[in-house]
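Heads up, the thing below is written out as C-alpha cells.
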Amino acid sequence: PRNQWTIDFGLGRSEMEAALYEAPFAHVAEHVKPARANNKREAYRTNWWLYAEAREGMRAAFAPLDRYLGTCRVAKHRLFVWMSSESLPDSQVICFARTDDYFLGVLQSRFHEIWSLKLGTRLETRPRYTPTSCFETFPLPEPTAAQQQAISSAAAELDRLRRNWLNPQEWVREDILEFPGTVGGPWDRFIDPATVAAKGDFNLGTVRYPRLVPRDDASAAKLAKRTLTALYNHSPAWLTHARTTLDSAVAEAYGWAPDLADDAVLSRLMERNVHNQ
Numbered sequence: 015p016r017n018q019w020t021i022d023f024g025l026g027r028s029e030m031e032a033a034l035y036e037a038p039f040a041h042v043a044e045h046v047k048p049a050r051a052n053n054k055r056e057a058y059r060t061n062w063w064l065y066a067e068a069r070e071g072m073r074a075a076f077a078p079l080d081r082y083l084g085t086c087r088v089a090k091h092r093l094f095v096w097m098s099s100e101s102l103p104d105s106q107v108i109c110f111a112r113t114d115d116y117f118l119g120v121l122q123s124r125f126h127e128i129w130s131l132k133l134g135t136r137l138e139t140r141p142r143y144t145p146t147s148c149f150e151t152f153p154l155p156e157p158t159a160a161q162q163q164a165i166s167s168a169a170a171e172l173d174r175l176r177r178n179w180l181n182p183q184e185w186v187r188e189d190i191l192e193f194p195g196t197v198g199g200p201w202d203r204f205i206d207p208a209t210v211a212a213k214g215d216f217n218l219g220t221v222r223y224p225r226l227v228p229r230d231d232a233s234a235a236k237l238a239k240r241t242l243t244a245l246y247n248h249s250p251a252w253l254t255h256a257r258t259t260l261d262s263a264v265a266e267a268y269g270w271a272p273d274l275a276d277d278a279v280l281s282r283l284m285e286r287n288v289h290n291q
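Taking the working numbering, the leading residue of the sequence shown gets 15, the next gets one more, and so forth.
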C-alpha cells in the first residue's frame, strides 16, 4: 500500500516524526541543516531533514519490482546494471522500471551505445545520457519470440559474468543485516514473518537483508579496485566475447549484419526513427 511505502521511505514525514529516530536525526541536524539553510531550493531549506525531494511516481513504479535498470547520467562507458528496488537513486542515475533481461540486452548493445553517444551531450570529455534524446528517440527492434529469448539469454550471461568478476566467491561472504521494516513496504520480501507485530496502524517486522561483504581486509583492498569502469577499461577476452554474443543477437532482431559499421548503424537507426514518427 502506498501509505506503508511512504512511512518506510519518509515521504512527507514531519520534522516531529523524523525526530523520533534520535541518532540519525541528530546527525542530520548537525551536518545537513546548516548547509541546507543556504540552499536556493525552498523545499531543501524548509524540509532540511528529508533527502532531496521525493519522487513519488518513481518510487511507486519500483514498489512491486525486485530490481530495476540503471545507468549513470555521466560516465566514460555507457553501462546498464540491475539495481535492487530497495535502493533509491539520486538524479545522477537514470532509471528504468523494467526487470526483463531483454530490455537490458537491447540498451547494453552497441546499437544503443552508438545512438546515445551521437544524440547525447557531454560533460567535458565524458558522455552524458539524456533520456529525452538518448532513450525516448531510440527505435527498439521488433524481435520474434526466439530472437527476444536469444537477447535475454545473452544479456543475462553478460550480467552474470560481470557480477562474478566484481565479487569473486573467494573474496566475499554473505552477511545478514537486520533492522525493522514495515510489512507491505519496500523491504517486505526480506521481513521474517515470525517477527511481525502490530505497531499502531502498521505491522512491523525484522528485515533480514542478505548482502555481500569482503571476507577480510585483504579481500576488501582487492575488491575496491574491481569496478565496472576498470573492467571495461581492461576489457578481457571473456567480456569481449559476451558483448559480441549480445550484439549479434540484437543485430539479428534488427535484421542487420552483426559487423555493420558504426556509421551504417546510426544511419539505419535514424531511418527507423523517422519511420516511427
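Virtual Cβ for every residue (Gly too), placed ideally from N, Cα, C.
Remember, predicted model here, so these are calculated numbers, not experimental data.
query, result
"Residue range of the alpha helix (DSSP H) that includes Gly119", "115–122"
"Neighbourhood of Asp22 by C-beta distance below 8 Å, restricted to the same chain and skipping five residues each side", "Here Asp22 scores only 45 on pLDDT, less than 50, and its place in the model should not be relied on; the value that follows carries that caveat. Here the set comprises Gly195, Thr196, Gly199, Pro200, Trp201."
"Residue interval of the alpha helix (DSSP H) (run including Tyr268)", "251–268"
"Residues of its chain near Phe152, where Cβ-Cβ distance is below 7 Å and the 5 sequence neighbours each way are ignored", "His126, Trp129"
"Own chain residues within Cβ distance below 7 Å of Arg50, not counting five before or after", "Tyr58, Arg59, Trp62"
"At least 3 beta-carbon pairs within less than 8 Å: the stretch 86–93 vs the stretch 236–255", "yes"
"N- and C-terminal bounds of the alpha helix (DSSP H) containing Gly71", "70–76"
"4 or more residues per run - each alpha helix (DSSP H) lying fully within the stretch 146–198", "159–180"
"Residue from Ala160, Ser105, Val88, Val186 whose Cα sits closest to the Cα of Pro141", "Val88"
"Beta-carbon gap between Val120 and Leu154 smaller than 8 Å", "yes"
"First through last residue of the alpha helix (DSSP H) which encompasses Lys213", "It is not in any alpha helix (DSSP H) - Lys213 instead sits in the beta strand (DSSP E) that spans 211–213."
"Nearest candidate by alpha-carbon position, reference Gly269, set Thr241, Thr259, Ala169, Gln161", "Gln161"
"Terminal residues of the beta strand (DSSP E) in which Asn217 lies", "216–228"
"Per-residue DSSP class, three states only, for Trp96", "strand"
"At least three beta-carbon pairs within less than 8 Å, the stretch 249–256 to the stretch 210–221", "no"
"Cβ contact (3+ pairs, closer than 8 Å) linking the stretch 178–191 and the stretch 270–282", "no"
"CA-to-CA distance, Ala251 to Ser28, given in whole angstroms", "53 Å"
"Coarse secondary structure for Asp22, derived from DSSP in three states", "For Asp22, the predicted model reports a pLDDT of 45, less than 50, meaning its position is unreliable and no value from the coordinates is stated."
"CA-to-CA distance, Leu260 to Leu172, given in whole angstroms", "8 Å"
"Buried or exposed by the 16-neighbour rule on C-beta atoms within 10 Å, applied to Phe193", "exposed"
"Straight-line Cα distance separating Arg136 from Gln122", "19 Å"
"Status (buried if at least 16 other CB within 10 Å, exposed otherwise) for Val227", "exposed"
"Alpha-carbon to alpha-carbon, His289 and Pro182", "46 Å"
"Rounded C-alpha distance that separates Asp273 from Lys132", "19 Å"
"Opening and closing residue of the alpha helix (DSSP H) in which Leu137 lies", "Counting along the chain, Leu137 falls outside any alpha helix (DSSP H), though it belongs to the beta strand (DSSP E) covering 135–137."
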